[in-house]
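-10 is the number of the first residue of the sequence shown in our numbering; add one for each residue after it. All C-beta atoms in this analysis are idealised placements derived from N, C-alpha and C, irrespective of residue type, glycine included. Since this is a predicted model, take the numbers as computed values, not measurements.
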Amino acid sequence: MWTAAALGAGVLAALSAPVPASAATSSSGCSSSPQPPPPSRFTATVEVDGVQRSALVNVPPQARPHVPLPLMLAFHGAGGNGPATESSTGLTQAADSAGFITVYPNADGTFWRYLPGDPRGTRDVTFVRLLLDQLDAVLCVADNRVYATGGSNGAGFVSVLGCRLNDRLSAIAPVAGIYRPQPGCPPSRPLSVLEIHGTNDGTAPYDGSMTAGTFGVTSFLDEWFQWDSCASGPPVYRRLGRWALWLAKSGCADGTTVAHIKLIGEPHAWPLASRAAHAAPSRAAHAARTVAFDASRAIVHFFQTETVATVAPRYRRRHGARARQPRRPSSTGGAVSG
-10 MWTAAALGAG VLAALSAPVP ASAATSSSGC SSSPQPPPPS RFTATVEVDG
40 VQRSALVNVP PQARPHVPLP LMLAFHGAGG NGPATESSTG LTQAADSAGF
90 ITVYPNADGT FWRYLPGDPR GTRDVTFVRL LLDQLDAVLC VADNRVYATG
140 GSNGAGFVSV LGCRLNDRLS AIAPVAGIYR PQPGCPPSRP LSVLEIHGTN
190 DGTAPYDGSM TAGTFGVTSF LDEWFQWDSC ASGPPVYRRL GRWALWLAKS
240 GCADGTTVAH IKLIGEPHAW PLASRAAHAA PSRAAHAART VAFDASRAIV
290 HFFQTETVAT VAPRYRRRHG ARARQPRRPS STGGAVSG
């Protein structure tokens, strides 16, 4: 694995000192001349209030000097870390195929802090901002295509970054997030959002928790519909595959999209296409099942196109009867037939 020390004296210096953020669409690292080929993998380090912080960085094979690439931040859940998130989600493979730089930051401890008023949360946001500044200096980044995703506690932190790091991000995609009120919002500019959540999530309940003071998915989406000045009325919906439903409002302010992928029966997990349940699926909308859905590829596709591809469902025909069609939900949180 590449480390910051292995990058050479010039690059190491850039990784150890803050660099002013550039308003240009390509980072300052694009104009370095002569520019060495970027390493495929390295660990970037940032010091925040005397604490050394780190992030695993993966550069795709398509990287070429002076050619800006999109960058995706991926935040781990509580008790996790960057390398474990990379190995468990398949995000690097999805990002490599699309030509994205992928960055896996590590929290100071076991989780990201984002409760309102917590100074440690402010330090976490500062860490991400300085990390982006430093990567801008050593890599050729398309600064108008910087994205953030994460799962569970990392997803909750991503929702905070959507408000507090709004000037640096183009879209966010939290997965199974634990959402709380955001006093730092509305954001300074519209931001596209994709939220992915299972209806059988026991850790981050789909409808939220009054006891814990957390938002449900519907409330989270309603906030972003408002902040992005989306049109009134119900969102458009379509089925992505068995047990997977897409709900979205597109054409919001500045062409942004606010979307949600509802996974019927999925527990608290990062959805993977290879982790389908072996047992026969139940028809009950509340029943627990692992949904065969690739969240990583869906997220990268959304960051590229602001939509997600549909996998046509296959419904069995009996005695020449017409294929059964999915029942349309009455609202964002409505149930659908299996």
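**Message:** Could you compute how far the alpha carbon of residue 140 sits from the alpha carbon of residue 70?
**Reply:** About 11 angstroms.
**Prompt:** Closest by CA to residue 86, which one among 296, 287 and 299?
**Reply:** Between residue 86 and the set 296, 287 and 299, the nearest pair of CA atoms involves 287.
**Asked** Counting along the chain, where does the alpha helix (DSSP H) carrying residue 148 start and finish?
**Response** The continuous alpha helix (DSSP H) containing residue 148 extends over residues 142 to 153.
**Prompt:** Between the beta-carbon of residue 204 and the beta-carbon of residue 153, is there less than 8 angstroms?
**Reply:** Pairing residue 204 with residue 153 gives a Cβ-Cβ distance that is not under 8 angstroms.
**Asked** What residue from 187, 36 and 124 has the CA that sits closest to residue 58's CA?
**Response** Nearest of 187, 36 and 124 to residue 58, Cα basis: 124.
**Asked** Grouping DSSP H, G and I as helix and E and B as strand, with all else coil, what is residue 92?
**Response** Here residue 92 sits in strand by DSSP.
**Request:** Look at the alpha carbon of residue 101 and the alpha carbon of residue 147, and state the distance between them as a whole number of angstroms.
**Result:** Going by the C-alpha atoms only, they are around 10 angstroms apart.
**Asked** For residue 163, is the classification buried or exposed, using 16 other Cβ atoms within 10 angstroms of its Cβ as the cut-off for buried?
**Response** Classification of residue 163: buried, given that the 10 Å Cβ count is 16 or more.
**Request:** Kindly indicate which three-state DSSP category residue 105 falls into: helix, strand or coil?
**Result:** In the three-state reduction of the DSSP assignment, residue 105 falls in the coil class, being assigned neither a helical nor a strand state.
**Prompt:** residue 129 and residue 49 look like a contact to me (Cβ under 8 angstroms); what is the Cβ gap, rounded to whole Å?
**Reply:** About 12 angstroms; that fails the 8 angstroms criterion.
**Asked** By a C-beta neighbour count over all protein chains shown, 10 Å radius and 16 as the cutoff for buried, is residue 177 buried or exposed?
**Response** Residue burial is scored here from C-beta neighbours: residue 177 has fewer than 16 other C-beta atoms within 10 angstroms and is therefore classed as exposed.
**Asked** Taking C-alpha atoms, which residue in 245, 173, 56 and 91 lies nearest to residue 110?
**Response** Taking residue 110 as reference, the option from 245, 173, 56 and 91 with the minimal CA-CA separation is 173.
**Prompt:** Residues in its own chain within less than 7 angstroms of residue 80 by CB, not counting five upstream and five downstream?
**Reply:** Beyond the five residues adjoining it in sequence on each side, residue 80 comes within less than 7 angstroms, by CB distance, of 63, 91 and 285 in the same chain, given in chain order.
**Prompt:** Rounded C-beta distance between residue 160 and residue 17? I'm assuming under 8 angstroms.
**Reply:** In fact, because the Cβ distance is near 23 angstroms, the residues do not count as touching under 8 angstroms.
**Request:** Go to residue 43, then tell me how far its beta strand (DSSP E) extends in each direction, as first and last residue.
**Result:** Looking at the DSSP string, the run of the beta strand (DSSP E) that includes residue 43 is 40 to 47.
**Residue environment, residue 252, which counts as buried when at least 16 other CB atoms sit within 10 Å** = Answer is buried; the Cβ neighbour count reaches 16.
**Prompt:** Roughly how many angstroms separate the alpha carbons of residue 254 and residue 292, rounded to a whole number?
**Reply:** Rounded to the nearest angstrom, the two C-alpha atoms are 25 angstroms apart.
**Asked** With 16 other CB atoms within 10 Å as the buried threshold, where does residue 166 fall?
**Response** Sixteen is the threshold: when 16 or more other Cβ atoms of the shown chains lie within 10 Å of the Cβ of residue 166, as they do, the residue is buried.
**Proximity below 8 angstroms, CB of residue 191 to CB of residue 249** = Contact annotation: residue 191 and residue 249 have beta-carbon atoms that are not nearer than 8 angstroms.
**Prompt:** Opposite residue 62 in the DSSP bridges: which residues?
**Reply:** Bridge partners of residue 62: 92 and 137.
**Request:** Using only the heavy atoms of the ligand HEM, determine whether one of them is closer than 7 angstroms to the beta carbon of residue 152.
**Result:** This structure does not include the ligand HEM; it has no bound ligands of any sort.
**Request:** Following the continuous beta strand (DSSP E) through residue 229, name the residue where it begins and the one where it ends.
**Result:** Its beta strand (DSSP E) spans residues 225 to 230.
**Message:** Rounded to the nearest angstrom, what separates residue 229 and residue 37 at their Cα positions?
**Reply:** Here the alpha carbons of residue 37 and residue 229 stand approximately 42 angstroms from one another.
**Message:** Using 8 angstroms as the threshold, is the C-beta distance between residue 182 and residue 247 below it?
**Reply:** At the C-beta level, residue 182 and residue 247 come within 8 angstroms of one another.
**Request:** Run the CB neighbour count on residue 244, radius 10 Å, all protein chains shown included, and call it buried at 16 or more, exposed below.
**Result:** With fewer than 16 Cβ atoms within 10 Å of its Cβ, residue 244 is classed as exposed.
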